[in-house]
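Everything in the sequence shown is counted per this note's numbering, starting at 626 for the first residue and increasing by one.
To start, the structure under review is shown below, and the notes come after it.
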Amino acid sequence: MKSILIIGMGRFGRHLCKNLAKLGNQIMIVDEMEENLEEMLPYVVSAKIGDCTNEAVLKSLGIDNFDLCFICIGTNFQSSLEITSMVKELGGRHVISKANRDIHAKFLLRNGADEVIYPDRDIAEKLAVRYSANHVFDYIELTDEYSIYEIPPLKIWVGKSLKELSIRNKYHISILGTKEDGHAKLMPPADYVIRPDEHLMVIGKKEDVNKILKELA
């Protein structure tokens, strides 16, 4: 459980707050508009109306008491930049700011952000990969080179064990788990036999996974 401050209760801020709350974190939220805070009250331990470009408002929050500080302001970059800088100066341990453009990210990182997130871009990239390939059921990018894919097994894999197939040596990927009817099983043993109707969660270089996807086509 972590102590988390979220500044900005737009659409992304609200989704972030709800999900962090479900994971048992203690959350304080701040926004200029009272109506943006009202529906979030069941999820947080504290909510405050205030303009966080005002240093006095930020000082009143006790910034250095939070494990994480999220700056979720997407419509006014100048405000986001000012708040990010002041939050860091006031003792923010780990400051995470939302960006919409690469140029914004550069300025945020130079002015106090420890990390920058691109929720719109990240979702768009994930959907593009998922829907441009017929056999990708889910996708998580880890780095520019490596990703995790949820894919069906090749026909030649069905009925054989992981040990028999030697998938890592032959295909340069690793199987992290299997998924059937929405139920996932992680880290299958070497004697696990692949079934025809299940999905495989695999990790590997994009170029290696793409070779498998071509065989599935």
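Beta carbons: idealized from backbone N, C-alpha and C, even for Gly.
8 Å contact criterion, which residue i and residue j should meet: CB distance rounded
i, j, result
"K627", "L693", "6 Å"
"V669", "M653", "6 Å"
"I708", "C677", "5 Å"
Three-state secondary structure assigned by DSSP to residue i
i, result
"E823", "coil"
"L733", "helix"
"Y817", "coil"
"C642", "helix"
"D692", "coil"
"Y756", "helix"
Extent of the continuous beta strand (DSSP E) run through residue i
i, result
"L630", "S628 to I632"
"E660", "Unbroken run through E660 is the alpha helix (DSSP H), E659 to E663; no beta strand (DSSP E)."
"S722", "V720 to K723"
"V655", "Q651 to D656"
"L801", "I798 to E805"
Residues bridged to residue i [DSSP beta-bridge criterion]
i, result
"S786", "V818"
"Y771", "K830"
"I742", "K723"
Straight-line gap, residue i to residue j (C-alpha atoms, nearest Å)
i, j, result
"I800", "S671", "43 Å"
"S772", "R793", "15 Å"
"L838", "Y796", "12 Å"
"I699", "E660", "Here residue 699 turns out to be Gly, not Ile, going by the sequence shown. Rounded to the nearest angstrom, the two C-alpha atoms are 18 Å apart."
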